[in-house]
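There are 2 protein chains.
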Amino acid sequence: MKEKILDAAEKMVQDRGLNAVSFQDLANAVELRKASIFHHFPNKEALARALIERCGSKHRPEYAAVVDSNASAPEKLRGLAGIFEKGLRNQRPCLLAALGSGVNTLSEVAVQELGEMARGAVSRFALVFQQGRDEGTLQFSGEPIDAATGFFAMLQGLQVLVRASGDTSAFSSAANAYVDSISLA
Amino acid sequence: MKEKILDAAEKMVQDRGLNAVSFQDLANAVELRKASIFHHFPNKEALARALIERCGSKHRPEYAAVVDSNASAPEKLRGLAGIFEKGLRNQRPCLLAALGSGVNTLSEVAVQELGEMARGAVSRFALVFQQGRDEGTLQFSGEPIDAATGFFAMLQGLQVLVRASGDTSAFSSAANAYVDSISLA
DNA sequence: GCCTGTCAACCGATCGGTCGGTAGGATGGT
DNA sequence: ACCATCCTACCGACCGATCGGTTGACAGGC
């Protein structure tokens, strides 16, 4: 049941943002009474933190599968972009993009956990950039971590940009163009 | 007074997201009574649309000043990034990043206006990429519009990423690293 | 006399959250 | 086998606060 609530909450948060999701909404979605939701999550912050943690542990293996594969660095970058694109197609952008704008309505602890999740993702991305530099398939300036931050941010930004502009195809166009730009033949 | 309300609203929306800003908050901030706010904006959607429009007309000249200058393309890209960085330093990210996550709580008209604003910005950015290709200072694959979309999305994403991760310096590091990567010596 | 801006008072709805209590399944002592 | 106990999950009813929004009245300047 707890998982079912989190599923519904995740979908709604990705759709409308955290504080446009009420316990009543949740209760309706999972066919429980509102009071019962509080049995599983004592308050909204606990719900948010559970959401963040679950999001992290759900996507970490997805990233790992791409990063730890034996593909070339450019292929891995495309794979990472694909993860985000897949979520976007199902109207389910990354939680970071969904929670990011309301970051000052979250508790400090929650923000910190969100930040850790983001930093973890970026550091995984950085491994790919390092690999690309080592094997000579990627050409970029500065530290791998900075390139990874930029790439990760681009994927995040594309998610909100695409939803705002309505042009779904822009995601893969822009992401692929970027990867091409820094790939070496 | 209308402007004063919009100023306060803008700051609060950038800080916490639209639907965490109440008319009461606004009234307190501008030292009016709640009912008086409704004299200037009949409802919340009107407020949001006014915010979007003002944001567009405020930033358009800022973009134009950079795009229409006679600097080189890489310098212009740095200038554009600087606009966003300046906003970020004042805890005032772009409205697109602030409204983007709750896009499904806005009316269709508002979303459309937001989309137009975004497309307008991207198309201005694209001029710079075109210039860079023409003058041989920028090296990237695909159409200028795709590169511009990616760059703009990166700036948007960096804003939320920086606020979530707490590492303010990451913005310019990542943005500059990107520009360096696609610049030709 | 009218228009603009302001306000107090109020509205129904909904918000996050609490409370007391119930149904049912395990547990364990006798 | 029996019953008392405990625990998890759930629920109806309710709380104070706040939400977006409305109404009618009162100033002051044109």
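Residue numbers (my numbering), protein chains in the order written: chain A, 1 to 185; chain B, 1001 to 1185. A virtual CB, placed ideally from N, CA and C, is assigned to each residue, including glycine.
When beta bridges are read from the DSSP output, Leu138 (chain A) appears opposite A:Ser183. Runs of alpha helix (DSSP H) with 4 or more residues, each lying fully within the region 59-122 of chain A, are found at 73-89 and 95-100, listed in chain order. Excluding the 5 residues flanking it on each side, Ala27 (chain A) has same chain C-beta neighbours closer than 8 Å at Arg33, Lys34, Ser36 and Ile37, in chain order. For Pro74 (chain A), the closest of A:Ala148, A:Leu161 and A:Gln159 by C-alpha to C-alpha distance is A:Ala148. Counting along the chain, the unbroken alpha helix (DSSP H) around Phe1038 (chain B) starts and ends at Lys1034 to His1040. Closer than 8 Å to the CB of Phe1140 (chain B) there is at least one CB belonging to chain A. Annotation: the continuous alpha helix (DSSP H) that includes Ser165 (chain A) extends over Pro144 to Ser165.
For Glu1045 (chain B), the CB contacts under 7 Å within the same chain, skipping 5 residues up- and downstream, are Ser1107 and Ala1110 in chain order. With a cut-off of 8 Å on Cβ pairs, the region 156-174 of chain A is in contact with the region 1149-1166 of chain B, counting three or more such pairs. One Cα belongs to Ala8 (chain A), the other to Ala97 (chain A), and the distance between them is close to 18 Å.
Rounded to the nearest angstrom, the gap between the Cα atoms of Arg1016 (chain B) and Ile52 (chain A) is 18 Å. Counting other Cβ atoms within 10 Å of its Cβ, Met1 (chain A) stays below 16 and is therefore classed as exposed.
Cα atoms of Thr168 (chain A) and Phe151 (chain A): separation of roughly 19 Å, rounded to the nearest angstrom.
Among the residues of the region 102-116 of chain A, those with a Cβ less than 9 Å away from any Cβ of chain B are Gly102, Val103, Asn104, Thr105, Val111, Gln112, Leu114, Gly115 and Glu116, in the order of the chain. Between Asp180 (chain A) and Ser1141 (chain B), the CB-CB gap stays under 8 Å. Nearest neighbour of Asn90 (chain A) by Cα position, chosen from A:Ala170, A:Ser173 and A:Gln14, turns out to be A:Gln14. Within chain A, the residues Asn19, Ser101, Gly102, Val103, Asn104 and Thr105 have their CB atoms less than 9 Å from the CB of Arg1016 (chain B), given in chain order.
Put simply, the region 1115-1122 of chain B touches the region 1048-1062 of chain B. At least three CB pairs are less than 8 Å apart. Ile83 (chain A) has a beta carbon lying at 8 Å or more from every beta carbon in chain B. When the five nearest sequence neighbours on each side are left out, the beta carbons in the same chain lying within less than 6 Å of the beta carbon of Gly1132 (chain B) are those of Ala1073 and Leu1138, in order along the chain. With fewer than 16 neighbouring CB atoms inside 10 Å of its own CB, Leu1184 (chain B) falls in the exposed class.
Taking C-beta atoms as the reference points, Ala175 (chain A) and Ala81 (chain A) count as a pair closer than 8 Å. Cβ neighbours of Ala1071 (chain B) within its own chain (closer than 8 Å, five residues either side excluded): Gly1079.
Within a 10 Å sphere around the beta-carbon of Glu31 (chain A) sit fewer than 16 other beta-carbons, which makes this residue exposed. Scanning its chain for C-beta atoms nearer than 7 Å, with the 5 sequence neighbours on each side dropped, one finds around Gly87 (chain A) the residues Pro93 and Cys94, in chain order. DSSP places Ser1022 (chain B) in the coil class of the three-state scheme, outside both helix and strand. Straight-line measurement puts the Cα of Gly1136 (chain B) at about 22 Å from the Cα of Tyr1063 (chain B).
Of all residues in the region 1133-1159 of chain B, those with a C-beta nearer than 9 Å to a C-beta of chain A are Gln1139, Phe1140, Ser1141, Gly1142, Glu1143, Ile1145, Asp1146, Ala1147, Ala1148, Thr1149, Gly1150, Phe1151, Phe1152, Ala1153, Met1154, Leu1155, Gln1156, Gly1157, Leu1158 and Gln1159, reading in chain order.
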